[in-house]
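Novice:
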Amino acid sequence: MLPLELTLVLAATRDMGIGLNGTLPWTGLKKEMAYFARVTKRVLPPPSPTQQPEQPQQQPALNAVIMGRKTWDSIPARFRPLRGRLNIVISRSAPPLPSSPPPSTSSERDDVIMASSLEQALAYLWQQQHTSSSPSHPSSSSETTLGKIGRVFVIGGAQMYGAALALRETRRILLTRVLTDFACDTFFPLAALQQQQQSRDNGGDDSEKKKKMAGVEEGTQEVGREGGEWKRRGQAALDAWAGEAVPAGMQEENGTRYEFQMWERD
Numbered sequence: 001m002l003p004l005e006l007t008l009v010l011a012a013t014r015d016m017g018i019g020l021n022g023t024l025p026w027t028g029l030k031k032e033m034a035y036f037a038r039v040t041k042r043v044l045p046p047p048s049p050t051q052q053p054e055q056p057q058q059q060p061a062l063n064a065v066i067m068g069r070k071t072w073d074s075i076p077a078r079f080r081p082l083r084g085r086l087n088i089v090i091s092r093s094a095p096p097l098p099s100s101p102p103p104s105t106s107s108e109r110d111d112v113i114m115a116s117s118l119e120q121a122l123a124y125l126w127q128q129q130h131t132s133s134s135p136s137h138p139s140s141s142s143e144t145t146l147g148k149i150g151r152v153f154v155i156g157g158a159q160m161y162g163a164a165l166a167l168r169e170t171r172r173i174l175l176t177r178v179l180t181d182f183a184c185d186t187f188f189p190l191a192a193l194q195q196q197q198q199s200r201d202n203g204g205d206d207s208e209k210k211k212k213m214a215g216v217e218e219g220t221q222e223v224g225r226e227g228g229e230w231k232r233r234g235q236a237a238l239d240a241w242a243g244e245a246v247p248a249g250m251q252e253e254n255g256t257r258y259e260f261q262m263w264e265r266d
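Residue numbering for the sequence shown follows the UniProt record's numbering, beginning at 1 and increasing consecutively.
(1) Report the CB separation of residue 118 from residue 75 in whole angstroms; it is logged as a contact under 8 Å.
(2) Please work out which residues of its chain come closer than 7 Å, Cβ to Cβ, to residue 169, disregarding the five sequence neighbours upstream and downstream, and give them in chain order.
(3) Would you please state the rounded distance, in angstroms, between the beta carbons of residue 125 and residue 149? I believe it to be under 8 Å.
(4) Going by beta-carbon coordinates alone, are residue 243 and residue 259 separated by less than 8 Å?
(5) Can you say whether residue 32 is buried or exposed, counting buried as having 16 or more other CB atoms within 10 angstroms of its CB?
(6) Check whether the Cβ atoms of residue 157 and residue 186 lie closer than 8 Å to each other.
(7) Is DSSP giving residue 115 helix, strand or coil here?
(8) For residue 127, does the three-state DSSP call read helix, strand or coil?
(9) Going by the CB atoms, is the gap between residue 26 and residue 182 shorter than 8 Å?
(10) In its own chain, which residues sit with a C-beta less than 6 Å from the C-beta of residue 235, not counting the 5 before and 5 after it?
(11) Please classify residue 82: is it buried, with 16 or more other beta-carbons within 10 angstroms of its beta-carbon, or exposed?
(12) Which first and last residues belong to the beta strand (DSSP E) in which residue 16 is found?
(13) Short of 7 Å in beta carbon distance, which residues of its chain neighbour residue 216, apart from the five on each side in sequence? Order them along the chain.
(14) With DSSP as the reference, label residue 153 as helix, strand or coil.
(15) First and last residue of the beta strand (DSSP E) that includes residue 68?
(16) What's the call for residue 44, buried or exposed, on a 16-neighbour Cβ count within 10 Å?
(17) For residue 17, collect the residues of the same chain with a Cβ closer than 6 Å to its Cβ; drop the 5 residues on either side in sequence, then sort them by chain order.
(18) Please report the straight-line C-alpha distance between residue 172 and residue 37, rounded to a whole angstrom.
(19) Between which two residues does the beta strand (DSSP E) holding residue 262 run?
(20) Taking residue 41 as part of the alpha helix (DSSP H), name the residues at either end of that continuous run.
(21) Less than 8 Å between the beta carbons of residue 12 and residue 177, yes or no?
(22) Mapping the DSSP letters down to three states, classify residue 176 as helix, strand or coil.
(23) Please classify residue 85: is it buried, with 16 or more other beta-carbons within 10 angstroms of its beta-carbon, or exposed?
(24) Taking all protein chains shown into account, do 16 or more other C-beta atoms lie within 10 angstroms of the C-beta of residue 151, making it buried, or fewer, making it exposed?
(25) If residue 175 sits next to residue 261, beta carbons under 8 Å apart, how far is it from one beta carbon to the other, in whole angstroms?
(26) Return yes when the Cβ of residue 10 is within less than 8 Å of the Cβ of residue 164, no when it is not.
(27) Going by the beta-carbon positions, is the gap between residue 252 and residue 30 smaller than 8 Å?
(28) Quick one: is residue 21 buried, meaning 16 or more other Cβ sit within 10 Å of its Cβ, or exposed?
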């Protein structure tokens with residue numbers, strides 16, 4: 001069975017600012033928030049329809065969004081939990097995780113799990129994925145409530161991003177690059193992305209521009225302890241992974257300019 005992959009999702013300014021006074025520095029980006037919701041909810045089919053042994057009836061796969069307690073608290077109460085996703089909140093004071101997920105009574109499947117660390121949350125998700133996908137494991141009602149785990153996203157804050165970047169499971173960053181300047185007091189902890197963005201802003205030779213147009217922007221990046229180089233992928237790769245035609249180039253809402261990007265680690 002393949003290990004779970006982590007995808008970080010964030011919006012950041014050109015100097016990688018992601019927050020101010022415990023909330024987002026910008027407001028009114030409804031299209032950007034709708035993109036976030038679609039991508040983190042969407043469960044894409046397996047890459048190839050290989051023959052699988054008959055398994056017990058399960059609910060459809062569900063993506064998970066992992067966040068720190070401060071990020072959870074920053075979400076307006078009327079939007080908590082994030083619907084259609086398994087919400088996992090990391091808090092040092094969280095009690096031990098149960099061996100099986102709690103039952104969901106909502107058609108939106110808005111479960112919330114508390115975990116004391118990112119590693120504990122990933123171990124729990126792997127266990128649920130392994131249990132729900134194993135044809136030899138007898139299925140109980142609590143196990144089939146959650147069903148198969150789809151994609152796993154880390155959505156903030158800075159400490160969660162830092163912890164995730166140190167893990168080999170982290171393979172991808174979905175970055176909304178905010179091109180309008182905002183004051184920030186919290187920053188994404190990976191200087192390499194900022195350095196690469198600034199390098200492109202300062203211009204480049206024709207060969208670099210051709211590489212960008214070809215779909216892969218190359219360069220050596222700073223990495224976490226458990227990975228290779230970070231590289232920005234082109235629009236076609238972003239569209240394919242997101243499962244939709246992501247708006248390309250500079251977007252603007254309420255006077256704020258931004259661009260959707262995807263970065264992957266080798």
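Cβ coordinates follow ideal geometry from the N, Cα and C atoms, glycine included.
Computed from a prediction, not measured in an experiment: that's the story for all the values here.
Specialist: Looking at the atomic coordinates:
(1) Taking the sequence shown and counting its residues from 1, the one referred to as residue 118 is at position 118. Taking the sequence shown and counting its residues from 1, the one referred to as residue 75 is at position 75. The Cβ separation is near 18 Å, so there is no contact.
(2) Here residue 169 refers to the residue found at position 169 when the sequence shown is read from its first residue. Same-chain partners within the cutoff: 3, 4, 5, 6 and 122.
(3) Counting from one through the sequence shown, the residue named residue 125 turns up at place 125. Counting from one through the sequence shown, the residue named residue 149 turns up at place 149. So it is a contact: roughly 5 Å between Cβ atoms.
(4) Numbered from 1 along the sequence shown, position 243 holds the residue referred to as residue 243. Numbered from 1 along the sequence shown, position 259 holds the residue referred to as residue 259. Cβ distance not < 8 Å, so residue 243 and residue 259 don't count as in contact.
(5) Within the sequence shown, numbered from 1, the residue matching residue 32 stands at position 32. With 16 or more other Cβ atoms within 10 Å, it is buried.
(6) Mapped onto the sequence shown, residue 157 falls at position 157. Mapped onto the sequence shown, residue 186 falls at position 186. Yes, Cβ-Cβ distance for residue 157 and residue 186 is below 8 Å.
(7) Position 115 of the sequence shown, counting from 1, holds the residue named residue 115. Correct three-state label for residue 115: strand.
(8) On the sequence shown, position 127 is the one that residue 127 refers to. If DSSP states are grouped into helix, strand and coil, residue 127 belongs with the helices.
(9) Reading the sequence shown from its first residue, position 182 is the one you call residue 182. Reading the sequence shown from its first residue, position 26 is the one you call residue 26. Yes, the Cβ-Cβ distance between residue 182 and residue 26 is below 8 Å.
(10) Mapped onto the sequence shown, residue 235 falls at position 235. So the list reads 248, once near-sequence residues are dropped.
(11) Along the sequence shown, one-based indexing puts residue 82 at 82. Buried, by the Cβ-count rule.
(12) Residue numbering aside, residue 16 sits at position 16 when the sequence shown is read from its first letter. Note, residue 16: premise wrong, no beta strand (DSSP E); not H, not E.
(13) Walking along the sequence shown from the start, residue 216 turns up at place 216. Since pLDDT at residue 216 reaches only 37, below the 50 mark, its modelled position is unreliable, and the value read off the structure follows with that caveat. Once the five neighbours on either side are set aside, the close Cβ partners of residue 216 are 231, 233 and 234.
(14) What you label residue 153 is simply residue 153 of the sequence shown in a count that begins at 1. The answer is strand: DSSP assigns residue 153 an E or B state.
(15) Counted from its first residue, the sequence shown places residue 68 at position 68. Run containing residue 68: 62-68, per the beta strand (DSSP E) assignment.
(16) One-based indexing of the sequence shown puts residue 44 at position 44. The residue is exposed, with fewer than 16 neighbouring Cβ atoms inside 10 Å.
(17) Position 17 of the sequence shown holds residue 17. Excluding residues within five positions, the ones whose Cβ falls inside 6 Å are 184 and 187.
(18) Residue numbering aside, residue 172 sits at position 172 when the sequence shown is read from its first letter. Residue numbering aside, residue 37 sits at position 37 when the sequence shown is read from its first letter. Distance between the alpha carbons of residue 172 and residue 37: 17 Å.
(19) Your numbering for residue 262 matches position 262 in the sequence shown. 256-265 is the span of the beta strand (DSSP E), which, as asked, contains residue 262.
(20) Here residue 41 refers to the residue found at position 41 when the sequence shown is read from its first residue. Here the alpha helix (DSSP H) through residue 41 covers 30-41.
(21) Within the sequence shown, the letter at position 12 stands for residue 12. Within the sequence shown, the letter at position 177 stands for residue 177. For residue 12 and residue 177, yes; Cβs fall inside 8 Å.
(22) Residue mapping note: residue 176 aligns to position 176 of the sequence shown, counting from 1. Three-state result, residue 176: strand.
(23) Position 85 of the sequence shown, counted from the first residue, corresponds to residue 85. Looking at its Cβ environment, which holds 16 or more other Cβ atoms inside 10 Å, residue 85 is buried.
(24) On the sequence shown, position 151 is the one that residue 151 refers to. Flag for residue 151 reads buried.
(25) Along the sequence shown, read from residue 1 onward, the residue named residue 175 stands at position 175. Along the sequence shown, read from residue 1 onward, the residue named residue 261 stands at position 261. Indeed, because the Cβ distance is near 5 Å, the residues count as touching under 8 Å.
(26) Within the sequence shown, numbered from 1, the residue matching residue 164 stands at position 164. Within the sequence shown, numbered from 1, the residue matching residue 10 stands at position 10. No, they are not a contact pair.
(27) Taking the first residue of the sequence shown as position 1, residue 252 is located at position 252. Taking the first residue of the sequence shown as position 1, residue 30 is located at position 30. Their beta carbons are not under 8 Å apart, which means residue 252 does not touch residue 30 by this criterion.
(28) In the sequence shown, residue 21 corresponds to position 21, counting from 1. Taking all protein chains shown into account, residue 21 has fewer than 16 neighbouring C-beta atoms within 10 Å of its C-beta and is therefore exposed.
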